[in-house]
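Residue numbers (this note's numbering): 719 to 989.
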DNA sequence: CTTTACGCCTGACGGC
DNA sequence: TGCCGTCAGGCGTAAA
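Put into structure tokens, the structure is as follows:
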């Protein structure tokens with residue numbers, strides 16, 4: 719479910735409610751996530767006060783002073799802020815309960831998400847250590863992409879979805895950014911010119927920024943920390959629009975599976 | 001090294 | 001209504 723904009727939306731939603739809050743209790747009612755939540759998870763956190771909530775790629779990093787915990791939302795995960803503790807429902811895996819009576823609740827039906835406790839520097843944790851640059855940073859630019867793409871034969875769409883190339887670009891925004899920059903998703907990554915990579919970089923930054931501004935994309939079930947959906951789905955130009963008219967040329971948007979993922983593009987506008 | 005295919009899961013939806 | 005196949009915002013892993 720969540721790509722970078724949805725994770726950032728979640729981060730912004732929970733941050734003001736949890737920073738400065740002291741954790742009095744952590745309840746893990748279902749440890750079955752992508753990796754089992756260890757028994758040591760709760761005692762590591764309890765008693766600490768939340769210092770900050772940061773994001774790296776699609777991971778949320780919660781600093782509790784004594785260490786950090788990482789949260790990944792997988793395909794179907796969400797975090798909610800509860801003003802008061804209410805009865806848990808299906809797939810409510812974890813509650814982090816605060817001294818003031820509020821709580822942060824993690825729900826994940828498909829269980830592709832994860833929670834990790836990290837001693838030491840989280841940037842060196844194995845999940846984060848090999849990640850590429852943040853898409854909204856200066857380090858992500860045309861030179862970086864063009865140089866990395868040399869000799870790569872695989873489709874450019876797969877290339878930009880690899881987290882070692884650039885983080886946070888998932889299946890929706892990859893299709894959108896390629897449409898905006900006029901690049902066919904199936905074109906070999908090594909056969910995209912530097913100039914066109916410059917346009918792709920701009921398109922990725924623009925698409926992600928705009929999506930963050932409106933709270934991300936809700937296709938079926940993404941909600942922010944208050945339970946509200948994101949509105950970027952209304953602005954999607956190609957994703958999920960196969961058969962509809964291209965907003966630029968009017969020809970039908972096509973859908974094709976590339977790298978085992980559905981991809982949407984305009985056969986006329988994208989080369 | 002890069003690239004590909006496969007699981008891991010539940011739930012929603014469309015067709016019959 | 002009910003059943004069944006298909007598909008879904010991710011990504012680690014094994015294998016080619």
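Note that the Cβ used here is the ideal one computed from N, Cα and C, for glycine as well.
All of these numbers come straight from a predicted model, not from anything done at the bench.
query                                                                                                                                                                        : result
Going along the chain, which unbroken runs of the beta strand (DSSP E) with 3 or more residues stay wholly within the region 767 to 795?                                     : 770 to 774, 777 to 781 and 786 to 790
Please state the DSSP three-state secondary structure of residue 815.                                                                                                        : strand
Contact between the region 978 to 987 and the region 907 to 923 is defined here as three or more beta-carbon pairs at a separation below 8 angstroms; is this criterion met? : no
Do you know whose CA, among 889, 767 and 975, lies nearest residue 742's CA?                                                                                                 : 767
Can you list the beta strand (DSSP E) stretches of 3 or more residues lying completely in the region 796 to 845, in chain order?                                             : 796 to 800, 810 to 816, 821 to 825 and 832 to 836
Going by the beta-carbon positions, is the gap between residue 834 and residue 824 smaller than 7 angstroms?                                                                 : no
Tell me whether residue 901 sits in a helix, a strand or coil according to DSSP, three-state version.                                                                        : coil
How do the region 849 to 857 and the region 813 to 830 stand: do at least 3 beta-carbon pairs fall below 8 angstroms, yes or no?                                             : no
Is DSSP giving residue 728 helix, strand or coil here?                                                                                                                       : helix
Exposed or buried, what is residue 965 when buried is set at 16 or more other beta-carbons lying within 10 Å of its beta-carbon?                                             : exposed
Can you pull the DSSP bridge partners for residue 947?                                                                                                                       : For residue 947, which the question treats as bridged, DSSP gives no partner whatsoever.
Straight-line CA distance for residue 959 to residue 760?                                                                                                                    : 44 angstroms
Check this for me: beta carbons of residue 771 and residue 733, under 7 angstroms apart or not?                                                                              : yes
Taking the Cβ atom as the reference point for each residue, do residue 724 and residue 891 lie within a distance shorter than 7 angstroms?                                   : no
Would you mind sorting residue 956 into buried or exposed? The rule is 16 or more other CB atoms within 10 Å of its CB.                                                      : buried
Closest to residue 936 by CA distance: which of 752, 895 and 793 is it?                                                                                                      : 793
For residue 911, which of helix, strand or coil comes out of DSSP?                                                                                                           : coil
In three-state terms, what does DSSP make of residue 974?                                                                                                                    : strand
So what's residue 762 in DSSP terms, helix, strand or just coil?                                                                                                             : helix
Name the one or two DSSP bridge partners that residue 740 has.                                                                                                               : 767
For residue 894, count neighbouring Cβ atoms within 10 angstroms of its own Cβ and tell me buried if that reaches 16, exposed if not.                                        : buried
Under 8 angstroms by Cβ, that's how I've got residue 976 and residue 906 pegged, so tell me the actual separation to the nearest angstrom.                                   : So it is not a contact: roughly 12 angstroms between Cβ atoms.
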